[in-house]
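S.K.: Following this message is one structure expressed as structure tokens.
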Amino acid sequence: MSIQIKTAAEIEKMRLVGRLTGEVLDYITPFVTAGVSTEEIDRLCHDYIVNVQGAIPAPLNYAPPGYTPYPKSICASINHQVCHGIPGERPLKNGDIVNLDVTVIKDGYHGDSSRMFIVGEPSILARRLCELTHECLWIGIAQVRPGAHLGDIGAAIQRHAEKAGFSVVREFCGHGIGSRFHEDPQVLHFGKAGTGARLEPGMIFTIEPMINAGKPGIRQLADGWTVVTKDHSLSAQWEHTILVTDTGFEVLTLTAGARPQPDWV
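For what it's worth, full-length UniProt numbering labels the leading residue of the sequence shown as 1, then goes sequentially.
Listed below in structure tokens is the structure:
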């Protein structure tokens, strides 16, 4: 693993693009309502990123090895979709839960964040899953400090999720981020405390737990991108981009419209 320690100048660029990323999610929030398609949400986000922020939506035409180019500017994953849902014509309906995942490029640097949105009145299970997953995100963030280990993050998330009867997706993880969309390290959302790389000031990475209401198994759809739960159970995800500071952490994608850290974490 080759983990890049960001310079002061790079950290300032990451602060800017992190704020812009969070502001896209702030902007789109009022539009996530019943009757609106995720394709329309994607169009609104694209126009805001390009025309208002003067930035670039990183997912558009992104093609890691083995993948066809991603066709949209954000990911929109509804209900049992775990991640990488491609926005489409299906209108959101009452009771849906949807994750919107936004990555912005500004001045050559990437910010990455996602939030869960609840449409209308959800089931008790759906609301609890979204809340629990948000708790998992912040419990993971709370482990970040110099001298801690990557495994501390995953262990804390796994313990909280499984104690509530939910499961952690294993195949996807958080990642280092900066001038590249995906860098070292990989940040697992399960594991053993005290293992993995030791955290140092200047590291920047995402924490983005994907939590299923049922079993952890997943499968990929024929579109080559959308990932769903094998048992068709609901799935939720929240994500922030995190800087390791001299004394703890800084959440680079935390903006005024973001759901705040739970008081008890």
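Note that beta-carbon positions come from the ideal geometry of N, C-alpha and C, so glycine has one too.
Going by Cα to Cα distance, which pick from Asp-101, Thr-38, Val-36 and Asp-47 is closest to Gly-22?
M.R.: Comparing Cα-Cα distances from Gly-22 to each of Asp-101, Thr-38, Val-36 and Asp-47, the minimum goes to Asp-101.
S.K.: Which two residues bound the contiguous alpha helix (DSSP H) that contains Glu-26?
M.R.: Checking the displayed sequence, the identity of residue 26 turns out to be Asp instead of Glu. Its alpha helix (DSSP H) spans residues 8-28.
S.K.: Is the stretch 224-241 touching the stretch 111-129, taking contact as three or more C-beta pairs under 8 Å?
M.R.: Short answer: they touch.
S.K.: May I have the straight-line CA-CA distance separating Glu-135 from Asp-107, to the nearest angstrom?
M.R.: Their backbone Cα atoms lie some 32 Å apart in a straight line.
S.K.: Would you mind stating whether Leu-44 and Ile-28 have Cβ atoms separated by less than 9 Å?
M.R.: Contact flag set, yes.
S.K.: Judging by CA-CA distance, which residue of Val-244, Arg-180 and Asp-223 is the nearest neighbour of Tyr-85?
M.R.: It should be pointed out that residue 85 corresponds to Gly in this sequence rather than to Tyr. The shortest Cα separation from Gly-85 among Val-244, Arg-180 and Asp-223 belongs to Asp-223.
S.K.: Name the residue from Val-17, Ile-3 and Ile-5 whose alpha carbon lies nearest to the alpha carbon of Thr-253.
M.R.: Measuring from the Cα of Thr-253, the nearest candidate turns out to be Val-17.
S.K.: Using the C-alpha atoms, what's the distance from Leu-20 back to Ile-11?
M.R.: Their backbone Cα atoms lie some 14 Å apart in a straight line.
S.K.: How about Ala-155 and Ala-142: are their beta carbons less than 9 Å apart?
M.R.: Contact flag unset, no.
S.K.: Taking Asn-51 as the reference, give the member of His-232, Val-24, Gly-151 and Gln-186 with the closest Cα.
M.R.: Of the listed residues, the one whose Cα sits closest to Asn-51 is Val-24.
S.K.: Ordered along the chain, which non-local residues of its own chain (more than five positions away) have a Cβ less than 7 Å from that of Cys-75?
M.R.: Pro-59, Cys-83, His-84, Gly-85 and Asp-101.
S.K.: Grouping DSSP H, G and I as helix and E and B as strand, with all else coil, what is Leu-132?
M.R.: It is helical.
S.K.: Looking at the strands, I want to know which residues DSSP matches up with residue 285.
M.R.: A query on residue 285 cannot be resolved here, the shown segment of the chain reaching from 1 to 265 and no further.
S.K.: Bridge partners for Ile-118 per DSSP, in chain order?
M.R.: Ile-97.
S.K.: Rounded to a whole number of angstroms, what is the C-alpha to C-alpha distance between Arg-170 and Thr-133?
M.R.: Near 15 Å, if we compare the C-alpha coordinates of Thr-133 and Arg-170.
S.K.: For Pro-65, which residues of its own chain have a beta-carbon under 6 Å away from its beta-carbon, when the five flanking residues on both sides are left out?
M.R.: Contacts found: none.
S.K.: Please name the residue or residues paired with Ala-76 in a DSSP beta bridge.
M.R.: According to DSSP, which records beta bridges pairwise, Ala-76 is partnered with Leu-100.
S.K.: When the Cα of Gly-174 is compared with those of Gln-220, Met-203 and Ser-37, which residue comes out closest?
M.R.: Ranking the options by Cα distance to Gly-174, first place goes to Met-203.
S.K.: Count the other CB atoms, across all protein chains shown, that sit within 10 Å of the CB of Tyr-67; report buried if there are 16 or more and exposed otherwise.
M.R.: Exposed: under 16 other Cβ atoms inside 10 Å.
S.K.: Determine the extent of the alpha helix (DSSP H) in which Gly-151 is found, giving its start and end residues.
M.R.: That run of the alpha helix (DSSP H) goes 150-163.
S.K.: Mapping DSSP to helix, strand and coil, what is Thr-33?
M.R.: It is coil, neither helix nor strand.
S.K.: Give the single residue among Val-119, Asp-26 and Ile-41 whose Cα lies nearest to the Cα of Ala-34.
M.R.: Selected option, being the one with the closest Cα: Val-119.
S.K.: When we look at the beta-carbon of Asn-94 and count the other beta-carbons within 10 Å, is it buried (16 or more) or exposed?
M.R.: Label assigned to Asn-94: exposed.
S.K.: Give the straight-line distance between the Cα atoms of Ala-197 and Trp-138, rounded to the nearest whole angstrom.
M.R.: Roughly 20 Å between the two C-alpha positions.
S.K.: Comparing alpha-carbon positions, which option in Gly-191, Lys-13 and Glu-162 lies nearest Leu-150?
M.R.: Comparing Cα-Cα distances from Leu-150 to each of Gly-191, Lys-13 and Glu-162, the minimum goes to Gly-191.
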